[in-house]
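There are 2 protein chains.
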Amino acid sequence: MVVGELAHECDVIIIGGGPGGYHAAIRAAQLGRSVTLVEQDQLGGICLNKGCIPSKILTQSAEKFTSFQEGENWGLEGGGISFNLNKLQQYKQQKIEQLRAGVEALCQANKIEILNGSAFFLSEDKVGVEKGDKFDVFRFRNAIIATGGTPEKPPWARELSELVFDQHSISDLSEIPEKLLIYGSDYIALEIGMAFQALGSKVTMILDDGKEDFDFDQSICRELKRILKKKKIDIVKNSEVLELQHKEDMFTVTFELKGKIETISGTHLFVSTTIRPNTNQLGLSRIGVEQCAAGFIKVDAQSRTTQKHIFAVGDVTEGPALAVKAIKQGKTAAEAIAGIQSQSDFHFIPIVAHTQPPIASAGLTEKEAINMGNDIEIGQFSMSANGFSTLAGKKEGFIKVISCKEKQVLLGIHMVGTGAIELISAGITALEMAARDEDLIFPNYPHPSINEGLLEAVEALRNQAIHIPPKSKNEQKLKV
Amino acid sequence: MVVGELAHECDVIIIGGGPGGYHAAIRAAQLGRSVTLVEQDQLGGICLNKGCIPSKILTQSAEKFTSFQEGENWGLEGGGISFNLNKLQQYKQQKIEQLRAGVEALCQANKIEILNGSAFFLSEDKVGVEKGDKFDVFRFRNAIIATGGTPEKPPWARELSELVFDQHSISDLSEIPEKLLIYGSDYIALEIGMAFQALGSKVTMILDDGKEDFDFDQSICRELKRILKKKKIDIVKNSEVLELQHKEDMFTVTFELKGKIETISGTHLFVSTTIRPNTNQLGLSRIGVEQCAAGFIKVDAQSRTTQKHIFAVGDVTEGPALAVKAIKQGKTAAEAIAGIQSQSDFHFIPIVAHTQPPIASAGLTEKEAINMGNDIEIGQFSMSANGFSTLAGKKEGFIKVISCKEKQVLLGIHMVGTGAIELISAGITALEMAARDEDLIFPNYPHPSINEGLLEAVEALRNQAIHIPPKSKNEQKLKV
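Protein chains in written order, with full-length UniProt numbering: chain A, 1 to 480; chain B, 1 to 480.
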């Protein structure tokens with residue numbers, strides 16, 4: 001193909017309009033750059049249209065349903081409540097359209113040119129955009145790759161791939177599963193499991209890859225297992241899945257557990273999969289952008305690829321497949337293009353789960369902190385001793401802080417309990433500012449509030465939490 | 001009365017078992033002091049038994065009731081919900097007893113001697129404790145006065161005082177008022193007004209003392225007025241109440257407004273009153289503890305009175321009548337007694353309201369910042385542009401940050417919207433650590449979350465919030 005003078009000149013071209021792409025586009029426009037954003041499907045990407053947003057509508061609905069069932073305690077009397085998934089799907093559709101319209105309007109207000117089509121690199125400074133019969137060539141000064149990723153089902157599930165739900169397809173489910181099998185151990189698996197359990201499914205979770213535990217700090221894992229047991233969600237751990245069958249509308253998973261072959265059946269199967277980067281169609285080999293073995297694009301803290309004028313952000317790069325990462329990288333890339341030396345830093349990236357109760361975590365887990373050679377102290381406060389949690393009837397969970405013994409600097413904060421997701425930002429701010437325990441002890445906390453749980457977790461580092469009974473002499477001795 | 005050798009020797013005596021008193025008692029015990037705690041009524045004080053805790057049970061219930069009414073959007077279908085206040089009263093009683101038992105158990109575990117009775121100073125080192133016919137004398141090394149305060153109704157309401165509800169008696173209300181009149185402009189007036197409106201009352205708020213506005217930052221006041229209008233809660237401002245009458249189960253308030261005499265009637269009247277310190281029975285004149293003109297005990301940042309070995313904490317001291325103040329002062333007093341040089345600092349005390357939506361505020365308001373001579377910048381982000389608020393159907397509110405233009409240090413954070421109370425601790429931590437705007441821009445915020453609203457409010461200081469459309473050239477010029 002000869003492009004020659006037919007190429008459109010453009011300043012910054014961004015391939016992919018998910019959170020990474022559209023944040024990059026708007027930030028670049030704010031900084032005075034002229035931006036062309038190419039999206040092959042819908043603005044907002046997987047996150048807005050199929051991932052984060054729909055899943056949170058599901059978890060919010062499940063949380064409300066549970067809350068309604070507890071209403072009588074609170075003087076709220078009425079007929080039985082039933083759940084209508086179709087109605088929720090309508091609500092979901094409406095909210096997604098509303099949010100997508102918002103992103104479109106913002107792009108327009110920022111004078112971002114939006115193209116619908118598939119984009120790929122023709123050379124180090126040219127991108128082709130294809131849409132049906134139409135084909136355009138853009139010569140760019142800078143490019144940002146924000147093409148995201150695709151769930152990759154494990155080998156045993158590939159043959160039945162169309163029938164098995166993953167994190168991008170589960171939001172389209174049109175009925176509440178009678179018996180839901182979940183394969184996974186991350187926040188997504190937990191969110192889906194707890195939401196459908198609340199809405200009436202019988203749920204079994206098979207931890208992926210033979211794992212012993214969930215992907216959280218060990219104390220959260222312990223609390224999670226207690227909570228899941230109470231919810232009658234079964235857990236299969238340390239197992240290796242061998243085979244998946246689908247007969248008469250039932251899935252049967254065959255797995256090996258402690259040397260024995262066992263099976264488990266369900267009406268639906270959800271797999272929280274690994275993410276494969278969407279790079280196949282990009283023509284990366286033509287432009288010398290390096291990828292790691294698994295295909296993710298290598299980037300530095302400015303989101304810069306091995307080609308200095310080309311950037312990559314989000315799920316197409318290494319690291320956790322989280323929108324928060326894509327958003328930060330997107331803004332950082334745009335700033336780098338504009339000559340600002342900002343960097344992304346994911347040491348204190350929050351991992352949150354909209355479970356019942358929610359989980360929020362940032363910084364090092366206890367094991368990570370020890371493995372890195374830190375001499376640590378642990379402060380932990382049970383929300384059952386928190387006034388607000390008690391009055392609200394939300395006594396499950398705790399807040400745990402991990403501190404470096406020598407420097408008294410906080411290393412990690414792990415929360416499970418109502419309000420954890422909002423409260424984690426206090427922890428993240430503290431972690432980022434290298435707060436010492438006194439920096440969280442000195443401030444004032446509203447009373448009564450779950451916030452006080454964070455204070456008492458930090459006070460517990462000094463054995464000074466007010467609502468923790470004093471340790472016996474023996475316990476104190478053990479600590480020393 | 002001759003006491004002589006009959007006095008019991010004691011180390012630290014604390015008069016009053018509310019949040020200030022019991023936090024002081026436990027902290028002093030943690031620090032190795034021997035503590036005697038005298039409470040004339042019930043442990044936990046007004047806060048636990050009649051104030052903060054019961055009021056939050058009411059506001060939580062109202063919030064749930066509202067949420068239930070919106071359930072249909074979320075696929076939750078069922079019969080009409082009705083509200084049974086008696087049932088909520090049972091729940092309240094149960095929770096109060098549970099929390100009180102917790103405080104009692106903690107005091108016991110900390111080997112705190114609890115006495116039931118009225119305490120007063122006999123001399124600079126002796127306290128008498130009276131209970132019925134029994135009278136004991138305690139010779140103390142240190143004393144902490146934590147006797148709290150009593151609502152003082154305005155002069156026009158005193159004659160009918162028994163019939164008029166205040167912040168200590170409202171939680172005993174046995175029916176939902178048909179037409180509730182509220183006199184006040186603080187967080188308590190707003191909580192009570194919005195809660196009963198949600199539960200079915202027709203509510204009118206008369207701002208106290210002829211005020212023009214509520215006790216919050218001007219932007220929150222503006223949003224509040226919009227929200228209250230939507231809820232059909234009427235507001236009477238700039239008025240002077242002249243008279244209160246009660247006839248045939250109806251209250252009639254007569255007030256002057258712009259030179260005209262008007263009246264308004266309701267079935268119930270709630271007054272969010274000023275607090276009078278409980279010092280009358282203490283015999284303060286005998287011990288040389290100074291009080292300010294309004295009767296509050298003068299204390300320093302260590303909660304020390306003008307008698308160096310006697311401390312005072314909570315509502316009996318000057319400053320806002322908030323449990324958070326009492327708690328901090330209580331711990332500080334105990335630490336001072338133990339020789340630790342800690343201090344209370346209420347520059348960044350959170351003011352929160354469990355309204356619908358909630359309000360949380362810390363640091364300087366816009367007006368205060370300007371009046372103190374600061375050259376300020378304002379960043380404000382509407383929660384209607386926040387992804388999580390949108391999907392949750394909770395689009396009301398905003399987050400506003402006030403920053404010093406020269407130093408880029410945050411001076412105040414004001415929030416109204418779902419999750420504000422939990423999120424304010426991120427703001428308070430930032431304020432206490434003298435965070436600059438970059439300290440809140442650098443961290444990662446979970447997506448989607450209301451936390452991102454805080455980030456975008458700070459980004460708005462630089463005109464770089466992603467979800468705020470760019471200002472027109474004219475607006476930008478105006479700013480410069």
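Every residue gets a Cβ at the ideal spot worked out from N, C-alpha and C, and that includes glycine. Bear in mind that the values here come from a model prediction, so they are computed numbers and not experimental data.
- Q167 of chain A and C52 of chain A have their alpha carbons spaced roughly 9 Å apart.
- Our two residues, G417 of chain B and G379 of chain A, have alpha carbons roughly 31 Å apart in a direct line.
- Listed as beta-bridge partners of K126 of chain A by DSSP are A:S123 and A:R139.
- Secondary structure remark: continuous beta strand (DSSP E) runs of at least 3 residues inside the region 47 to 131 of chain B, in chain order: 76 to 78, 81 to 83, 113 to 116, 118 to 123 and 126 to 131.
- Taking 8 Å as the cut-off between beta carbons, the residues of the region 437 to 448 of chain A near chain B are D439, L440, F442, P443, N444, Y445, P446, H447 and P448, in sequence order.
- Under DSSP, the beta-bridge partners assigned to H246 of chain A are A:F251.
- Rounded to the nearest whole angstrom, the CA to CA distance from Q356 of chain A to I227 of chain A is 9 Å.
- Under the 8 Å Cβ criterion, the region 200 to 217 of chain A counts as touching the region 234 to 241 of chain A, having at least three qualifying pairs.
- Counting only runs of at least 3 residues, the region 391 to 442 of chain A fully encloses the following beta strand (DSSP E) elements, listed from N- to C-terminal order: 398 to 404 and 410 to 416.
- For chain B, the residues of the region 367 to 391 of chain A that bring a beta carbon within less than 8 Å of one of its beta carbons are A385, G387, F388, T390 and L391, in chain order.
- Non-local C-beta neighbours of T365 of chain A in its own chain, meaning closer than 8 Å and more than five positions away in sequence, comprise F216, D217, Q218, I402, G412 and H414, ordered along the chain.
- Bounds of the beta strand (DSSP E) holding R276 of chain B are T274 to P277.
- Residue pairing by DSSP places Y183 of chain B opposite B:I206 and B:V271 in a beta bridge.
- Per DSSP, the continuous alpha helix (DSSP H) segment holding L228 of chain A begins and ends at Q218 to K230.
- The count of Cβ pairs closer than 8 Å, one atom from the region 245 to 260 of chain B and one from the region 171 to 178 of chain B, stays below three, leaving the stretches out of contact.
- A direct Cα-to-Cα measurement between K50 of chain A and A323 of chain B gives close to 45 Å.
- Separation of the CB atoms of A430 of chain B and L410 of chain B is rounded to 6 Å, and the pair is thereby assigned contact status at 8 Å.
- Fully enclosed beta strand (DSSP E) runs of no fewer than 3 residues occupy 359 to 363 and 376 to 382 of the region 355 to 396 of chain B, in order along the chain.
- T332 of chain A: not part of any beta strand (DSSP E); member of the alpha helix (DSSP H) spanning A323 to I337, first to last residue.
- Only residues of its own chain outside the window of five on either side were considered, and among them T147, G148, G149, T150 and V316 have a CB closer than 7 Å to the CB of N278 of chain B, listed in chain order.
- CA-to-CA, the gap between M433 of chain B and D439 of chain A works out to about 7 Å.
- In the three-state DSSP reduction, S265 of chain A falls in the strand class (E or B).
- Straight-line measurement puts the Cα of D41 of chain A at about 25 Å from the Cα of H309 of chain A.
- Contact of I327 of chain B with chain A by beta-carbon distance below 9 Å involves N444, Y445, H447, E452 and I466.
- Within the region 49 to 71 of chain B, the residues whose Cβ lies closer than 9 Å to some Cβ of chain A are C52, I53, P54, K56, I57, Q60, S61, K64, F65, S67, F68, E70 and G71, listed in chain order.
- Put simply, the backbone Cα of G427 of chain B is about 12 Å away from that of I351 of chain B.
- Within the same chain, Cβ atoms closer than 7 Å to the Cβ of T306 of chain A are found at G288, V289, E290 and K298, the five residues on either side in sequence being excluded.
- With fewer than three CB-CB distances shorter than 8 Å, the region 381 to 390 of chain A does not count as touching the region 66 to 86 of chain A.
- Taken in chain order, the whole alpha helix (DSSP H) runs of length 4 or more contained in the region 15 to 46 of chain A are 19 to 30.
- Using a Cβ-Cβ cut-off of 8 Å, H23 of chain A is close to I466 of chain B, given in chain order.
- Nearest neighbour of E335 of chain B by Cα position, chosen from B:E377, B:Q30, B:A7 and B:E104, turns out to be B:Q30.
- Annotation: F214 of chain A to K367 of chain A spans about 14 Å, alpha carbon to alpha carbon.
- Chain B places no beta carbon closer than 9 Å to that of V313 of chain A, leaving this residue out of the contacts.
- Boundaries for A353 of chain B: no alpha helix (DSSP H) harbours it, while the beta strand (DSSP E) harbouring it runs I351 to A353, taken from the DSSP string.
- Between the C-alpha atoms of D136 of chain A and A119 of chain A there is a straight-line separation of about 9 Å.
- Ranked by Cα distance from I96 of chain A, the first of B:G419, B:T390 and B:K395 is B:T390.
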